[in-house]
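Novice:
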Amino acid sequence: MANNNHEEKIEKTEDDTEVVSFEIIIHSGQARTIIHEGFKLMREGNYEEADKKLDEANEEILQAHRAQTKLLQDFAAGKEVDMNVIMVHAQDHLMTTIALREVAVEMNVLYQKVGKLESE
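If you read the sequence shown in the numbering used here, its first letter stands for residue 27, the second for the next number, and so on.
1. For Ala57, I'd like the list of residues in its chain whose CB is within less than 6 Å of its CB, leaving aside the five on either flank, ordered along the chain.
2. Please report how far the alpha carbon of Arg92 lies from the alpha carbon of Ala125, in whole angstroms.
3. Spatial neighbours of Val46 within its chain, please: C-beta separation below 8 Å, excluding the five flanking residues on both sides.
4. Apart from the five residues on each side of it in sequence, which residues of its chain come closer than 7 Å, Cβ to Cβ, to Ala130?
5. Sorted by chain position, which residues of the same chain lie with C-beta nearer than 6 Å to Ser54's C-beta, five sequence neighbours on each side aside?
6. Roughly how many angstroms lie between the CA atoms of Glu146 and Val135, to the nearest whole one?
7. What's the call for Arg127, buried or exposed, on a 16-neighbour Cβ count within 10 Å?
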């Protein structure tokens, strides 16, 4: 009977990990889409609107990060956390989206500087 409880605990942990993984993927995917909308606005010279898009993307990234933090807190509390390929993909997706946003913020500054130089 103890073995059955252990199996239920592992199954629940695996299900929880998958739910968190998909939360991370959904929010980071939404953030990535919004960042690309920001890039388009930058190319069009709409820098303030691009900034708003990058802020909006950051909110999605924060939602993904909150899901990730919940999982880390569970692990720190001694709960068993299943690391599967979906979780690895979710972590990769989140980290590349965070990096993409950081680059986009810098690019918006550069677009603005180039825009000023072109108008002189």
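Each residue gets a CB set at the ideal place from its N, CA and C atoms; glycine is no exception.
In this text the structure is predicted, and so the values were computed from the model without any measurement.
Specialist: Let's see:
1. For the purposes of this step, residue 57 is taken as the residue at position 31 of the sequence shown. Excluding positions up to five away in sequence, the list reads Ala83, Glu86, Ile87, Thr123.
2. Locating residue 92 in the sequence shown gives position 66, counting from the first residue. Locating residue 125 in the sequence shown gives position 99, counting from the first residue. Looking at the two C-alpha atoms, the distance is approximately 17 Å.
3. Translated into the one-based positions of the sequence shown, residue 46 becomes position 20. Counting only Cβ-Cβ distances below 8 Å, and skipping sequence neighbours, we find Ala93, Gln94, Lys96, Leu97, Met113, Ala116.
4. Locating residue 130 in the sequence shown gives position 104, where the first residue counts as 1. Non-local beta-carbon contacts of Ala130 in its own chain, meaning distances under 7 Å to residues more than five positions away in sequence, involve Ile61, Gly64, Phe65, Leu80 in chain order.
5. Taking the sequence shown and counting its residues from 1, the one referred to as residue 54 is at position 28. Ala90, His119, Leu120, Thr123, listed in sequence order.
6. Translated into positions along the sequence shown, residue 146 becomes position 120. Translated into positions along the sequence shown, residue 135 becomes position 109. For Glu146 and Val135, the distance between alpha carbons rounds to 17 Å.
7. Looking up residue 127 in the sequence shown gives position 101. Per the 10 Å Cβ criterion, buried.
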